[in-house]
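Asker: With UniProt numbering applied, the sequence shown has no gaps in its numbers, which climb one by one up to 436 at the end.
Glycine residues also receive a C-beta, built at the ideal position from the N, C-alpha and C atoms.
Before anything else, here's the structure in question.
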Amino acid sequence: TKQSGLTALDYGFVNTASTRSAITYIDGNEGILRYRGYPIEQLAQNSTYLEVAWLLIYGELPTADELGAFDERIRRHTLLHEDLKRFFSALPHTAHPMSVLSSAVSALSTYYEDTSDPENPDHVEMTTMRLLAKLPVIAAYAHKKSVGQAFLYPDNSLSFVDNFLRLNFGNLAEPYEIDPTLSKALDRLLILHEDHEQNASTSTVRLVGSTGANLYASISAGINALYGPLHGGANEAVLQMLARIQDSGESVAKFVERVKNKEDGVKLMGFGHRVYKNYDPRAKLVKESADAVLAGLGVNDPLLDLAKELEQIALEDDYFKERRLYPNVDFYTGVIYKAMGFPTRMFTVLFAIGRLPGWIAHWREMNADPATKIGRPQQLYTGAGERQFPQR
Ligand code: SDX
């Protein structure tokens, strides 16, 4: 359209492909994000990952009994089939954890093919529990695989987040000590990632699910969509960007000039958004907690100061103001994940664990809607008109 000056309407093309959903509301201009009507600020402050997961999936906040039963059911599903653990040994230790995660979810589905029928509500419920319980375990095994350490078994006496942290940072040589600062900080970050309306990975989950594919297949596809550096992979790319600036000795101002000149396609990773043309409310919440979390963990990371300097310069620069580019959820999260002890390549895996309840909620909403038809994005044909094959 930019080149031809023609609009979609000139081609007789009206895009009616909009998605109706009652799950999450975003106002990109006002920087508003609400899960089932509750402002993200209030949920991040007062709720937990599992309570918000219930809210997103079932539509209302759970009672204490409902939440307790939900937590209990998830704990009962944390074990992976012993054969599935051998799946990891077929992969190189250098495998990116996001590739491990998406392929392990597909492999997981092979153990449950007789209980994953999208048309069977009991199967949908069971698959929901299995994914919520097992994805963190698979993620932790991907992490352990990459560092050459033994896999631990889940400890169902621990909370969801503590179980996950122990699977990542515990080892067979010594008892794992729960760190409440770490648990609270990670639970809050997971809440901030739980849903975000029709982003690329959620749209992928809905599109794959609309074909009748089961929830495992749809989630595996969503993980692959999230992997991209323009989407969930940005949190990993931000840390790489900050480390490159630090290692190069280049001034932040000089780096920002290179971004503005679009040198070698360099972007300010963690900035910009398809919807937010104002400050991403999640980025504000992450930034607010970054100082406290690093101080609580006794970590002093110059990359946090570098990120703040980068943000300051960018927010005052007309190039970014004119394009309404602000920090998004990925800009500060990596510094916190690094302080927690996660390797950079695990950052997007943490995003996937956070986003899982939203993916499930959207898949179930789509799957339950009798009006759902198979997804078929429309195209704007810009190719050649009819022509005859040459006579030979
Ligand atoms: C997530 O959709 C969601 O909700 C996603 C997400 C979720 O929770 O699911 O919020 C998670 O994916 C957040 C985004 C993470 N990605 C990044 O941080 C990667 C860096 N950001 C950019 O690649 C970009 O901002 C996108 C991909 C996020 C948005 O791309 P758009 O829509 O093409 O950006 P735009 O149309 O607003 O760009 C307008 C201008 C362009 O310049 P001009 O051609 O007008 O000169 O701004 C420029 C872009 O080149 N621009 C950037 C930039 N982002 C846009 N320039 C430098 N650095 C950037 N980050």
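So is the beta-carbon of Lys311 under 7 angstroms away from any non-hydrogen atom of the ligand SDX?
Answerer: yes
Asker: Report the option in Ile84, Met384 and Ser91 whose CA atom is closest to the CA atom of Asp223.
Answerer: Met384
Asker: Who are the near neighbours of Asp231 in its chain, counting only those whose CB is closer than 7 angstroms to its CB and skipping five residues on each side?
Answerer: Thr92, Tyr93 and Val205
Asker: Please name the residue in Leu369, Tyr197, Glu169 and Pro165 whose C-alpha comes closest to that of Pro180.
Answerer: Tyr197
Asker: Give a single yes or no on whether Arg318 has its beta carbon closer than 7 angstroms to a heavy atom of the ligand SDX.
Answerer: yes
Asker: DSSP on Thr68, reduced to helix/strand/coil?
Answerer: strand
Asker: Quick one: what's got a C-beta closer than 7 angstroms to Lys46's C-beta in the same chain, skipping five residues either side?
Answerer: Because the pLDDT of Lys46 is 47, which lies under 50, any placement of that residue in the model is unreliable, and the question is left without a value.
Asker: Looking at C-beta atoms only, is the number of pairs between the region 136-153 and the region 67-83 that lie closer than 8 angstroms three or more?
Answerer: no
Asker: How many angstroms separate the CA atom of His167 from the CA atom of Arg431?
Answerer: Distance between the alpha carbons of His167 and Arg431: 51 angstroms.
Asker: Run through the region 207-241 for me and flag every whole alpha helix (DSSP H) of 4 or more residues, listed as ranges in chain order.
Answerer: 224-237
Asker: Restricting to Cα atoms, I'd like to know which of Leu100, Glu95 and Gln290 is closest to Thr107.
Answerer: Closest option to Thr107, judged by alpha-carbon separation, among Leu100, Glu95 and Gln290: Glu95.
Asker: Note down the Cα distance separating Leu216 from His275, rounded to an integer number of angstroms.
Answerer: 36 angstroms
Asker: Select from Ile418, Ala148, Asp345 and Pro434 the residue whose C-alpha is nearest the C-alpha of Val249.
Answerer: Ile418
Asker: Do the region 170-187 and the region 140-160 make contact, defined as three or more Cβ pairs closer than 8 angstroms?
Answerer: The answer is yes - the region 140-160 touches the region 170-187, with three or more Cβ pairs under 8 angstroms.
Asker: Under the criterion of a Cβ to heavy atom distance below 7 angstroms, does Asp374 qualify as lining the ligand SDX?
Answerer: yes
Asker: Quick one: what's got a C-beta closer than 6 angstroms to Ala97's C-beta in the same chain, skipping five residues either side?
Answerer: Pro401
Asker: Do Glu280 and Thr392 count as a contact pair if the criterion is CB distance below 8 angstroms?
Answerer: Against a cut-off of 8 angstroms, the Cβ pair of Glu280 and Thr392 comes out as a contact.
Asker: Out of Asn268, Asn322 and Thr68, state which residue places its alpha-carbon closest to the alpha-carbon of Gln242.
Answerer: Thr68
Asker: Buried or exposed: Val330, going by 16 or more other Cβ atoms within 10 Å of its Cβ?
Answerer: Classification of Val330: buried, given that the 10 Å Cβ count is 16 or more.
Asker: As a quick exercise: from Glu301, Met285, Arg368 and Ser247, pick the residue whose alpha carbon is nearest that of His406.
Answerer: Ser247
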